[in-house]
Amino acid sequence: MNSLRLNKLGNFNGREGPLVLIIMDGIGIGRNDDSNAFYLADTPFLNKLQKICPQKKLYAELKAHGTAVGLPTDNEMGNSEVGHNAMGAGNIVKQRAALAKEAIESKNLFTGQKWWNFTKNIRENKNTLHFIGLLSDGYVHSHITHLFGLLYGAMNSQINKVRIHILLDGRDVPPQSALMYVGELERELNKINENGIFDFQIASGGGRMRVTMDRYNSDWNVVKRGWEAHVCGIPEKYPNYKGYFESAQSAINQARIIDPEISDQYLPSFVVVNENKFPIGKVEDGDGVLLFNFRGDRSLQISKAFDEANDFKDFTKKCNPKVQYYGLLQYDERTNIPKNYFIDPPIINNTITRYLCAEKVNQFAIAETHKYGHLTYFYNGNRQGYIDENYENYIEIKSEPSETIEINPEMKAIEVKKVLEMEIISGQYKFLRVNFANGDMVGHTGNRSAAMTAAETVDTCVREIVEIVNKMNGITIVTADHGNIDEMNEFKTSHTLNPVMFAIVDSGYNNEYVINDQIEEPALGNIAATILNLLGYEKPEGYIDSLLNYHCLKAMDS
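Here our numbering is used: position 132 in the sequence shown is 183, and no number is missing along the way.
Given below as structure tokens:
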């Protein structure tokens with residue numbers, strides 16, 4: 052790490068106390084109206100920051116979506132993965148969504164040796180190609196057009212039989228929009244199947260939060276339900292729900308008859324059967340399976356289940372066919388999951404954590420389970436574990452199951468805060484970071500009242516942390532990774548295109564620096580260089596500009 056050494060600022064060495072980065076997940080700056088749960092909530096401390104910090108020129112609103120965080124276009128909302136990537140990388144990194152779009156639209160994916168080997172075995176042995184993934188256009192974990200591109204790639208490779216195992220969203224898109232996306236997919240399948248040569252069909256599915264897409268080993272039963280539906284052709288036992296259906300549409304409709312308010316993300320697993328009541332898409336020996344999600348966190352566990360085959364221990368498999376398994380991208384480089392993949396993931400090398408470890412700066416990170424991986428894995432450039440455990444300590448506060456979030460919008464925020472406070476007071480760490488998951492996780496429920504409670508909980512936690520940092524003669528940064536609860540009209544559950552706040556609370560502030568209002572498009576990628584400045588270091592080569600007036604800092608040296 053010697054090559055990552057930082058230069059000291061000549062005129063500002065930071066403060067005696069720690070620097071604390073508070074990330075309020077999913078709390079953006081929206082319109083001041085009834086759609087904005089953050090605006091409606093009683094958040095006196097955050098309101099105070101938004102009033103006082105601009106007067107001191109210690110406040111900015113940062114872009115947290117689109118091209119500013121490495122997404123394909125400015126129509127794409129930000130998310131926790133890209134937000135934490137940007138904050139930790141100090142740069143704009145071309146994200147997985149952009150890499151997947153380019154590879155599929157250019158057809159480069161289908162001309163490579165990997166695709167040839169994958170499809171050759173399926174074609175020659177007359178096996179089935181299975182696609183598993185999230186069916187929506189949310190562009191957080193997948194995009195429906197990527198699936199379409201892959202289907203036509205399979206068709207052009209003369210794969211005659213394809214089965215699609217759909218995970219229904221309702222989280223990054225409207226909560227009951229599944230039938231729209233299923234309809235779009237069925238229309239494409241009808242076009243492919245119309246000449247009678249190809250047999251492409253939807254075979255199974257379920258809601259993303261109930262089936263397949265668990266993360267951080269939170270609940271392996273979610274993955275088990277997916278494995279049994281997609282691979283074994285066995286749906287879960289769900290009250291008044293038969294599990295076997297003639298189509299995906301009938302499965303969704305039946306679930307909504309049982310519970311008219313159910314969000315797509317919680318739909319039970321289902322299996323499509325033929326006229327003889329036999330599952331049409333069980334995975335058999337010799338088949339190929341491709342997970343078309345591009346994002347890693349909710350793709351790791353199902354990939355592990357396929358990759359480890361007979362060595363898998365996390366749940367008992369009711370079936371275990373021998374298959375070729377590929378991910379659209381590699382989801383974790385360190386653990387090599389999956390072993391086979393088509394697109395190289397984005398490379399993020401010189402993260403701020405690496406620089407600070409090279410400078411022997413003690414660091415601490417804490418979040419509850421729902422966002423622990425974002426504050427560690429994504430923040431550290433898509434790498435599991437510590438960069439250097441000699442200078443880092445991470446603590447995960449175990450989350451309650453996702454189903455409890457709507458009735459317990461406080462989640463684990465208080466527990467997270469209490470542990471953070473103890474670590475701040477200990478004086479062991481110069482830089483500490485924390486994620487409060489409430490805004491994003493509660494925002495995804497669509498419950499505006501619960502979201503207001505979430506915002507109020509975060510407000511209290513932020514105030515109490517800032518008070519302790521001030522007593523320690525330190526600096527606090529209050530920001531967010533993307534919006535969510537700031538736009539909840541019409542039961543909206545997805546992220547937003549809104550900016551996020553960036554406020555500096557400096558207990559010893561004496562006009563040494565100000566926010567640079569000449570930055571054309573301040574964004575999350577500017578945060579890393581800002582943190583380094585506030586710790587007394589210059590911005591390293593390759594980082595985009597700090598949010599602070601760098602010339603002002605340098606001029607003070609004289």
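A virtual CB, placed ideally from N, CA and C, is assigned to each residue, including glycine.
Residue i - DSSP class collapsed to helix/strand/coil
i	result
residue 242	helix
residue 133	helix
residue 112	strand
residue 491	helix
residue 307	helix
residue 269	coil
residue 584	helix
residue 592	coil
residue 510	helix
residue 63	coil
residue 484	strand
residue 429	helix
residue 58	coil
residue 566	strand
residue 249	coil
residue 444	strand
residue 363	coil
residue 292	strand
residue 207	helix
residue 548	coil
Beta-carbon gap between residue i and residue j smaller than 8 Å
i	j	result
residue 598	residue 566	yes
residue 410	residue 180	no
residue 297	residue 324	yes
residue 71	residue 527	yes
residue 348	residue 132	yes
residue 97	residue 530	no
residue 265	residue 352	yes
residue 252	residue 331	yes
residue 235	residue 190	no
residue 333	residue 295	no
residue 338	residue 211	no
residue 532	residue 583	no
residue 79	residue 549	yes
Neighbourhood of residue i by C-beta, 8 Å cutoff - its chain only, sequence neighbours within 5 removed
i	result
residue 228	187, 220, 221 and 315
residue 430	135, 136, 138, 139, 402, 404, 416 and 484
residue 497	226, 314, 539, 542, 543 and 544
residue 607	Legend: pLDDT at residue 607 = 45, less than 50; position of this residue unreliable, value from coordinates given subsequently. The answer, listed in chain order, is 62, 63 and 563.
residue 472	515, 516 and 519
residue 83	90
residue 511	96
residue 149	121, 122 and 123
residue 161	204, 207 and 208
DSSP beta-bridge partners of residue i
i	result
residue 522	According to DSSP, which records beta bridges pairwise, residue 522 is partnered with nothing at all.
residue 181	214 and 340
residue 383	388
residue 530	74 and 553
residue 255	216 and 322
residue 312	The partner list for residue 312 (beta bridge, DSSP) is empty, contrary to what the question assumes.
residue 378	342 and 392
residue 186	219
residue 201	Its beta-bridge partners do not exist; DSSP assigns none.
residue 599	566
residue 574	114
Cβ neighbours of residue i in the same chain (closer than 7 Å, five flanking residues each side left out)
i	result
residue 505	460, 489, 490, 493 and 536
residue 368	278
residue 444	415
residue 52	The pLDDT assigned to residue 52 is 46, lower than 50, so where the model puts this residue is not dependable, and the model offers no usable value.
residue 594	141, 142, 579 and 580
residue 386	435
residue 609	Low confidence applies to residue 609: its pLDDT is 33, below 50, so where it sits in the model is not reliable enough to give any reading.
residue 147	345, 346, 380, 396 and 397
residue 9	No information on residue 9 is available, as it lies outside the stretch 52 to 609 that the chain covers here.
Residue i Cβ short of 7 Å to the ligand NAD heavy atom set
i	result
residue 228	Within the structure as shown, the ligand NAD is missing, as the structure has no ligands at all.
Own chain partners of residue i with C-beta closer than 6 Å, once the 5 adjacent residues on each side are dropped
i	result
residue 556	517 and 527
residue 199	239
residue 318	219, 257, 258 and 306
residue 275	366
residue 66	524, 525, 526 and 559
Interface flag, residue i vs chain D, CB-CB below 8 Å
i	result
residue 454	Here there is only one protein chain, and chain D is not present.
Contained beta strand (DSSP E) runs [length at least 3] in the region 315-361, N- to C-terminal order: 321-323 and 339-342
Would you mind listing the alpha helix (DSSP H) stretches within the region 390-424 that are 4+ residues and don't spill past its ends, in chain order?
Counting only runs of 4 or more, we get 403-409 and 420-424.
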